[in-house]
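Note that the sequence shown covers residues 62 to 210 in our numbering. Note that beta-carbon positions come from the ideal geometry of N, C-alpha and C, so glycine has one too. Everything below concerns the one structure shown next.
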Amino acid sequence: MSETDAATMLQKPIDPKLFSWPSSKPRLLGSRCNNCGTTSFPSQTSCPRCCSEDVASCELGTRGKLWSYTIQGFLPKSPPYAGEETAETFRPYGVGYVEVPDQVRVVSRLKASRAEELEIGMDMELVFEPFRVDDDGAEIISYAFCPVA
Ligand SMILES: [Zn+2]
């Protein structure tokens, strides 16, 4: 077993339907309607625009523009939130919509914790990072968007 295999075995995607993982070039996974061309994220089994069930999985672009955002200033309810923070260790973080090519708005955690760091329309880039460690010791990987420097 190579070192790469050992490393990837200890990481799991937070949801295997959301993005390709493990991968040397992980991408978010959406669905595209073969009838009207609408792209959706997360992927759907039917088109939200025309209701066609003729949809195919597709990879989304890794760059986009910040469409809207807010700062999550308190610990979200758990469940559904699966983070390990407590009220004492919680730190605010940005959350927003990033519009990637094909006019898909992806809801995402943002790599920014203060409103001053964010501006609607700014360029954003997809990143992947450990979100928490599960009971088996595996790193759970999630995605986020980071302002492009
Ligand atoms: Zn459609």
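Name the residue from the options whose alpha carbon lies nearest to the alpha carbon of residue i.
i	options	result
A143	S84, K78, V194	V194
K86	S118, N95, T123, I75	T123
I132	P162, A199, F151	F151
Mind checking residue i: buried by the 16 CB within 10 Å criterion, or exposed?
i	result
G182	exposed
T99	buried
A25	A query on residue 25 cannot be resolved here, the shown segment of the chain reaching from 62 to 210 and no further.
P109	exposed
A173	buried
M62	Any answer about M62 is weak, because its pLDDT of 45 lies below 50 and its placement is not dependable; what the coordinates show is given next. M62 comes out exposed.
T69	A caution first: T69 carries a pLDDT of 49, below 50, which makes its placement in the model unreliable, though a value can still be read off. T69 is exposed by the Cβ-count criterion.
Closer than 8 Å, CB to CB, is residue i near chain D or not?
i	result
K126	The structure shown contains no chain D; it holds only a single protein chain.
Since residue i contacts residue j with CB under 8 Å, what's their CB separation in whole angstroms?
i	j	result
L187	P208	That pair is no contact at about 12 Å.
F206	I75	Incorrect: roughly 15 Å between the Cβ atoms, too far for contact.
C111	C94	6 Å
L127	F102	About 16 Å; that fails the 8 Å criterion.
Within the present structure, is the beta-carbon of residue i separated from the nearest heavy atom of ligand 2 by less than 7 Å?
i	result
C119	The ligand content of the structure shown is limited to ligand 1, which means ligand 2 is not among them.
Going by the beta-carbon positions, is the gap between residue i and residue j smaller than 8 Å?
i	j	result
L71	F80	no
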